[in-house]
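So in the numbering used here, the last one in the sequence shown is 474, and the numbering has no gaps at all.
Written out below as structure tokens is the structure these notes cover.
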Amino acid sequence: MKYDIVIVGASTAGSYFARRMSEKGFSVLMIDKSTKERISPDYDIFHMGKDEMEHFGLPKVEKGDGIYAFEFTESYMYSAFGGYPKPSPAPVVGMHKHDYIVRMNEWAEETGVQIVYEASFIECLYDENGKICGVTYEKNGEKTSVECRLAVDCSGIPAVVRCSLPDGYGIEKFELTPDDILYVTLRYVDFTDKKEEWMKSYFWIAYKSWVAPSKGSDAIIGMGSCFGFEYVEKVYEQFTRNVKLPAHKVKRVEKGRTPYHRAPYSFVADGFICMGDAACMTKPNCGEGCTAALVLEDIAIDIASKAMENGNYPTRESLWSINKKYNDTQGKEFASLMALLASIVRHSPKANEFLFKHDVIFSKKILAGMSGGLSLDITDYLKTLVFVVIGLVSGNIKISEIKSILAGVINSGKLTELYEKFPETPDGFDEWVKEAEELWKKAGRLADWRPLG
Ligand SMILES: Cc1cc2nc3c(=O)[nH]c(=O)nc-3n(C[C@H](O)[C@H](O)[C@H](O)COP(=O)(O)OP(=O)(O)OC[C@H]3O[C@@H](n4cnc5c(N)ncnc54)[C@H](O)[C@@H]3O)c2cc1C
Numbered sequence: 022m023k024y025d026i027v028i029v030g031a032s033t034a035g036s037y038f039a040r041r042m043s044e045k046g047f048s049v050l051m052i053d054k055s056t057k058e059r060i061s062p063d064y065d066i067f068h069m070g071k072d073e074m075e076h077f078g079l080p081k082v083e084k085g086d087g088i089y090a091f092e093f094t095e096s097y098m099y100s101a102f103g104g105y106p107k108p109s110p111a112p113v114v115g116m117h118k119h120d121y122i123v124r125m126n127e128w129a130e131e132t133g134v135q136i137v138y139e140a141s142f143i144e145c146l147y148d149e150n151g152k153i154c155g156v157t158y159e160k161n162g163e164k165t166s167v168e169c170r171l172a173v174d175c176s177g178i179p180a181v182v183r184c185s186l187p188d189g190y191g192i193e194k195f196e197l198t199p200d201d202i203l204y205v206t207l208r209y210v211d212f213t214d215k216k217e218e219w220m221k222s223y224f225w226i227a228y229k230s231w232v233a234p235s236k237g238s239d240a241i242i243g244m245g246s247c248f249g250f251e252y253v254e255k256v257y258e259q260f261t262r263n264v265k266l267p268a269h270k271v272k273r274v275e276k277g278r279t280p281y282h283r284a285p286y287s288f289v290a291d292g293f294i295c296m297g298d299a300a301c302m303t304k305p306n307c308g309e310g311c312t313a314a315l316v317l318e319d320i321a322i323d324i325a326s327k328a329m330e331n332g333n334y335p336t337r338e339s340l341w342s343i344n345k346k347y348n349d350t351q352g353k354e355f356a357s358l359m360a361l362l363a364s365i366v367r368h369s370p371k372a373n374e375f376l377f378k379h380d381v382i383f384s385k386k387i388l389a390g391m392s393g394g395l396s397l398d399i400t401d402y403l404k405t406l407v408f409v410v411i412g413l414v415s416g417n418i419k420i421s422e423i424k425s426i427l428a429g430v431i432n433s434g435k436l437t438e439l440y441e442k443f444p445e446t447p448d449g450f451d452e453w454v455k456e457a458e459e460l461w462k463k464a465g466r467l468a469d470w471r472p473l474g
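This is how it looks when you write it as structure tokens:
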């Protein structure tokens with residue numbers, strides 16, 4: 022069997038790329054290890070920005086279709102002790118995830134994409150020059166090999182294709198450890214005292230915790246943390262001690278994992294692209310990845326379809342500008358925000374309260390800018406300086422906390438500059454990587470700070 026493209030993983034990242042490339046006339050096979058009935062089973066309710074759904078032309082949902090759950094616009098970020106709300110309004114659609122993935126699979130099939138479920142990726146096939154020329158998978162104990170010009174890894178956190186490539190193929194093969202993952206717990210709750218329709222989202226950055234709308238329960242209390250689910254429970258205890266939530270009863274709990282690691286330095290190699298969670302493409306401010314992945318995918322669709330015109334093989338060189346275009350846009354924003362957040366969250370609930378109160382660091386302007394388009398002027402810097410000094414003198418902030426915030430701002434700026442200088446061609450990539458490695462070492466990771474032991 023022969024296809025132009027084989028995609029491993031049929032969730033959001035895989036389905037979107039499959040549909041768009043098949044619309045361009047390429048033959049596409051998408052495989053997934055799950056059955057159609059069990060695809061994406063980890064958690065029920067997920068969100069997408071309404072504007073993002075429209076921008077990417079994703080399948081629409083509506084009330085009563087069994088997929089649509091709710092919509093809300095009001096979102097607020099709160100201080101460590103539950104005060105000083107900072108609004109960041111944006112229309113959000115809540116949906117049942119499994120049902121939406123099935124809808125996306127069928128949307129891909131409409132244009133001729135073939136999907137094989139219960140098919141686990143085994144390995145890539147390589148031609149006499151060592152370049153990818155196909156994929157082998159196993160279904161019901163039987164191995165099948167298919168030829169292709171492009172293999173795409175959309176397998177999520179395990180990144181099964183990326184991690185299987187031979188050393189020296191031009192792709193990083195890192196696997197995620199518990200330090201590079203946010204373990205997310207969702208408690209579906211009913212309020213006990215007062216029945217109210219919870220149609221807004223509250224977020225407490227100090228604990229990476231939120232309360233958001235639900236379907237089938239009054240609300241969802243969510244929390245994400247590195248290190249594992251046991252650690253999430255420790256932070257949850259601290260959160261519920263410091264923040265007074267409405268009295269509630271937990272109806273059920275769901276757990277899942279989302280990557281929290283910088284993206285690979287290159288997404289492409291000969292006959293290969295990785296995307297979605299397999300490329301650690303989640304929003305640094307909230308860990309959401311469904312639409313973040315599509316930014317890279319739109320770039321990849323444009324460049325890969327040109328590289329594959331007239332039966333051409335998509336070489337690393339011909340796909341390279343995917344890296345460049347991505348790093349000129351979302352790539353540099355995510356890198357700088359990830360470095361900033363890794364440092365600016367390293368402080369006590371007391372310092373967090375002070376910063377929220379005086380609208381510095383966690384100011385309305387900065388928090389709104391975290392979803393894109395952040396630009397600070399001299400007044401912002403002066404105000405921050407004044408309140409940092411007041412915070413130190415009044416004992417609300419420690420010098421080590423200030424140092425960490427400052428380092429975050431500096432490293433985040435340096436990473437933006439470096440990502441803007443990402444090489445136009447593979448020449449110069451090795452030198453660029455050396456600089457990037459140094460900077461990421463300085464910037465550190467979210468997991469370098471473990472306040473609760
Ligand atoms: C609790 C929780 C809540 C979240 N909420 C949101 C949200 O509201 N909005 C949002 O945008 N993001 C959210 N995220 C993040 C989001 O779930 C992911 O970023 C997104 O699902 C990634 O999509 P993907 O297609 O890259 O990978 P995945 O959804 O992980 O899909 C990977 C697919 O690959 C298949 N696969 C894996 N290994 C193999 C193999 N060996 N062979 C064949 N197939 C294989 C899997 O079966 C799976 O179907 C949340 C995450 C968690 C944990």
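Just so you know, even glycine gets a beta-carbon here, dropped at the ideal spot from N, CA and C.
Judged by DSSP secondary structure, R273 falls within the beta strand (DSSP E) whose first and last residues are 269–280. If you draw a straight line from the Cα of R283 to the Cα of V113, it comes to about 26 Å.
Here the alpha carbon of C154 sits roughly 23 Å from the alpha carbon of I320. Pairing V381 with H368, the inter-Cα distance amounts to about 14 Å. It is roughly 11 Å from the alpha-carbon of Y121 to the alpha-carbon of P62. Not one heavy atom of ligand 1 is found less than 6 Å from the C-beta of V271. Residue range 202–212 is occupied by the beta strand (DSSP E) that includes L207, with no alpha helix (DSSP H) assigned at that position.
In summary, M125 is buried, with 16 or more beta-carbon neighbours lying within 10 Å of its beta-carbon over all protein chains present. P280 and P199 have their C-alpha atoms spaced approximately 9 Å apart. Each of E445, G390, Y97 was checked against the Cα of Y223, and the nearest Cα belongs to Y97. Ranked by Cα distance from E44, the first of D469, D323, E438, D401 is D323. In this structure, DSSP gives L79 a state outside helix and strand, which the three-state scheme calls coil. In the displayed model, T165 falls within a strand according to three-state DSSP. When beta bridges are read from the DSSP output, I143 appears opposite no residue. Across the structure, C307 and R41 are spaced so that their CA atoms are roughly 27 Å apart.
Judged by the Cβ position, F224 fails to qualify as a neighbour of ligand 1 at the 6 Å threshold, every heavy atom of the ligand being at least this far.
Nearest Cα to P267 within the set E144, I143, G103: G103. Between F293 and A172, the CB-CB gap stays under 7 Å.
Under the criterion of beta carbons closer than 8 Å, Y24 and S48 qualify as touching, at roughly 5 Å.
Considering only R183, S246, K419, the residue with the shortest C-alpha distance to Q259 is S246. In its chain, beyond the 5 residues on either side, Y97, Y99 have a beta carbon closer than 6 Å to the beta carbon of P106.
Across the set M22, L358, H117, the C-alpha of M22 shows the shortest separation from the C-alpha of Y158. Counted as a single uninterrupted DSSP element, the alpha helix (DSSP H) harbouring F375 occupies residues 370–378. Per the DSSP secondary-structure output, V156 pairs in a beta bridge with C145, V167.
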